[in-house]
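**Q** Take this structure first; my questions come after.
2 protein chains.
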Amino acid sequence: MKLSRLAEETGVSITTVKYYLREGLLPAGRLLSRTQAEYGEAHVERIRLIRGLVEVGGLDVATVHRVLMVIGDPPKDRVRAVEAVHDALHVARPRTGAAEDVQERWAVTWARARGWTVDDADPLFEDLEEVWRANEEAGVQIDRQLMMDVCADAVERIARVDIASLPGESVAMARQLLLGTVALDPVIAVLRRMAQRQEALNQFAD
Amino acid sequence: MKLSRLAEETGVSITTVKYYLREGLLPAGRLLSRTQAEYGEAHVERIRLIRGLVEVGGLDVATVHRVLMVIGDPPKDRVRAVEAVHDALHVARPRTGAAEDVQERWAVTWARARGWTVDDADPLFEDLEEVWRANEEAGVQIDRQLMMDVCADAVERIARVDIASLPGESVAMARQLLLGTVALDPVIAVLRRMAQRQEALNQFAD
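See below:
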């Protein structure tokens, strides 16, 4: 199909398709002439994937680029493939420097106490420490230890199903882990609000 | 304190403080002269709250404005106060129209089957339906029914603690619900990735 048809098929503008091509998110079409290229089903599927990552996941173009590279050629080892998807999804946040302090590495200590296998250098720990630092600065009064344990108990149930439902082949696996991880974050957030409402009804009933 | 001191104390720029004043996010200081105003601890606390909502929660200024109005004067009834905070946090998304279709209101049916007390008009249901529509369009292959149940089981555990730890007085309650809801979303997302990694180690171990 022509570029205009590709745009129509996927519901994005021609400008957006050209932008994806220019940014290397979308492979070039097969050249028919000096000014016209032919696109196929793989292009349609790729555009839908990008839209999902951008619209549902709120990923920026640089992150989309990284994750597409990883799911195109993931590590054969499945544990390493999971790590590679997480690393590609990870967006470095500006650090205050406090997280560098050994005294502040409480999240690593917490995860070890939980029995998790921990890599000190994992940027997710810095994310956690940074989020809680910002929360406390904003005046959040939550028992951090309690809520970390409650949330970890909860997400372990989700992660068990996330991982158990992955296909065995590594390219398909990396793709589904990526989509599943990004896709369920907003579902979890919305369901938590609904569950809060049910709990308010239960706990505050006269 | 003067405006420059207020900025220094909270670590934001003078331009940002002026912007918050102009947008009505921050109450005006007490006028000392035609060109100078005096700010107090309440201003410091308010700026820290706004920073948390913007930086951790990723809220836009219009949403911050709405939630500040609600937590300043929440409904006395605590169930209604919870709803008011959720409504203020809610950002309307563009709809495809499909969610209007009665056939498509599967999320309402799902919640009823779960035993939740359901208001059909609750925009959170449309959010859920819209997120899953986008997920499926992007090529996500997840058993929707299974994952909705797994996620709901998980978030109910969190919501129970969210609600049980709220103070009784309605202004303090609304503030803590707001902050706790916004603050834990990223914590939950990061912990889920960590838990996925642990599960990959458990399930894929040779």
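Chains as they are written, first to last, in the numbering used here: chain A, 158 to 363; chain B, 158 to 363. We put the beta carbon where it would ideally sit given N, CA and C, even for glycine.
(1) So that I know if they touch, is there some Cβ in chain A lying closer than 9 Å to that of M351(B)?
(2) Out of E166(B), W267(B), D277(B), H200(B), state which residue places its alpha-carbon closest to the alpha-carbon of G181(B).
(3) Would you kindly check if the distance between the Cβ of A291(A) and the Cβ of F282(A) is under 9 Å?
(4) Measure how close the beta-carbons of V174(A) and A185(A) come, nearest whole angstrom, since I'm counting them as under 8 Å.
(5) Over the uninterrupted alpha helix (DSSP H) stretch that includes P280(A), give me the two end residues.
(6) At a Cβ threshold of 9 Å, is W188(B) touching chain A?
(7) For a cutoff of 9 Å on Cβ pairs, would you count D310(A) as touching chain B?
(8) So R235(A) contacts chain B; which residues on that side make the cut at Cβ distance below 7 Å?
(9) Using C-beta distances below 6 Å, list every residue in its chain close to A357(B), excluding the 5 sequence neighbours before and after it, in chain order.
(10) I'd like the span of the alpha helix (DSSP H) that includes K175(A), first residue to last.
(11) Name, please, each residue of chain A whose Cβ falls closer than 7 Å to the Cβ of A321(B).
(12) Which value, in whole angstroms, describes the spacing of the CA atoms of E212(B) and D319(B)?
(13) Quick check: the Cα distance between R187(A) and L303(A), rounded to an integer number of angstroms?
(14) Specify, as a first and last residue, the run of the alpha helix (DSSP H) that T266(B) falls within.
(15) DSSP three-state call for L303(B): helix, strand or coil?
(16) Any beta carbon of chain B sitting closer than 9 Å to that of L281(A)?
(17) Does DSSP put E326(A) in a helix, in a strand, or in coil?
(18) How would you label R162(A), buried or exposed, when you count the other beta carbons within 10 angstroms and need 16 or more for buried?
(19) Using a Cβ-Cβ cut-off of 9 Å, state whether D284(A) counts as contacting chain B.
(20) Quick check on the DSSP output: what are the complete alpha helix (DSSP H) runs of length 4 or more inside the segment 179-224 of chain A, in order along the chain?
(21) From A270(B) to W263(B), what does the alpha carbon distance come to, in whole angstroms?
(22) Select from the segment 265-276 of chain B all residues with a C-beta closer than 8 Å to any C-beta belonging to chain A, and list them in chain order.
(23) Please confirm if W413(B) has its CB atom under 9 Å from at least one CB of chain A.
(24) Within 10 angstroms of the Cβ of M226(B), are there 16 or more other Cβ atoms? Answer buried if so, exposed if not.
(25) What residue range does the alpha helix (DSSP H) around D244(A) cover?
(26) What is the C-beta distance between T220(B) and V248(B), in whole angstroms, given that I count them as a contact (C-beta under 8 Å)?
(27) Give the residues from the segment 291-316 of chain A that approach chain B closer than 8 Å (Cβ to any Cβ), ordered along the chain.
**A** So, from the listed chains and residues:
(1) yes
(2) H200(B)
(3) Between F282(A) and A291(A), the gap from beta carbon to beta carbon reaches 9 Å or more.
(4) Not really, about 12 Å apart at Cβ, beyond 8 Å.
(5) 280-294
(6) According to the sequence as given, residue 188(B) is Leu; it is not Trp. No, no contact with chain A.
(7) yes
(8) A357, F361
(9) none
(10) 171-179
(11) What A321(B) touches in chain A: Q360.
(12) 21 Å
(13) 57 Å
(14) 263-271
(15) helix
(16) yes
(17) coil
(18) A residue is called buried once 16 or more other Cβ atoms fall within 10 Å of its Cβ, and R162(A), having fewer, is exposed.
(19) yes
(20) 198-212
(21) If you draw a straight line from the Cα of A270(B) to the Cα of W263(B), it is about 11 Å long.
(22) A268, W273, T274
(23) Because chain B here runs from 158 to 363, residue 413(B) falls outside it and cannot be looked at.
(24) exposed
(25) 235-246
(26) 6 Å
(27) A291, N292, E294, A295, G296, V297, Q298, I299, D300, L303, M304, M305, V307, C308, A309, D310, A311, V312, E313, R314, I315, A316
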